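S.K.: Submitted below is the structure of interest, expressed as structure tokens.
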Amino acid sequence: MRLELTLLVDGEAVTAVLDRPGESLLRTLRERLGRTGAKNACEQGECGSCTVLLDGEAVVSCLVATAQCEGREVRTVAGAVPGEVREAFAACGAVQCGFCTPGLLVSVADLLGRNPDPADAEIREALAGNLCRCTGYEKIIEAVHRAATARTAENTHTGAPGTRPLPPSPSPEKDPTLPHGCDSVMTEGRT
Ligand code: FES
Ligand code: FES
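Each residue of the sequence shown is one higher than the last, beginning at 83 in our numbering.
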């Protein structure tokens, strides 16, 4: 059975042709559309590496059937993460490995879209589905606070509200604020 559908991925309308109706959004993004920002680390909904925003909500894309995504908006780490979040991760040393960092960034973007000034416990709860057993979460929590402060300052300056939606930022490849080496991890990581 052949299934053709259109998605809006990181702001771009794309067509995916599936030969298996049960194919996951993660596989479609990575293997058919070349959008490798979502990582495949467990493919069982356990690790959060494949987190994307689907119509603005954080989901683990390995558990979403692409067939359910006709006409829907998908944002990977390349299109979901505001500049303040990327800058804060870089500044705080919160950029870890290429598997966990993309999903963490998307989850943080989702959190700050819902809660512009989260407490530590709220951050830990929001990131509970993004697993890293190698390092720790302290620098990430520090980065979330830094990003929240930066967004609040910006919104105060512009008069914009601090809740959803968070506007996507320019591509980090073009972002001069990022230290050398951080840009690839925060968009594509390791493929
Ligand atoms: S790859 Fe989807 S949760 Fe681990
Ligand atoms: S899984 Fe990425 S640093 Fe532990």
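Virtual Cβ for every residue (Gly too), placed ideally from N, Cα, C. The structure presented is a predicted model; accordingly, all values stated were derived computationally and were not measured.
1. Run through DSSP, which three-state label would Val146 get?
2. Buried or exposed: which applies to Thr240, given that a residue is buried once 16 or more other Cβ atoms fall within 10 Å of its Cβ?
3. Count the other CB atoms, across all protein chains shown, that sit within 10 Å of the CB of Ala230; report buried if there are 16 or more and exposed otherwise.
4. By the 10 Å Cβ neighbour count, where 16 or more other Cβ atoms means buried, how is Val99 classified, buried or exposed?
5. Closest by CA to Leu89, which one among Ala140, Gln178, Asn197, Arg157?
6. Give the C-beta separation of Glu152 and Leu87 to the nearest angstrom, bearing in mind that I take them to be a contact with Cβ-Cβ under 8 angstroms.
7. So within the segment 150-176, which uninterrupted alpha helix (DSSP H) runs reach at least 4 residues, ignoring any that extend past its ends?
8. Starting from Glu113, trace the alpha helix (DSSP H) both ways and give me its first and last residue.
M.R.: On the basis of the data shown:
1. coil
2. exposed
3. buried
4. exposed
5. Arg157
6. 4 angstroms
7. 159-162, 165-174
8. Run containing Glu113: none; DSSP gives neither H nor E here.
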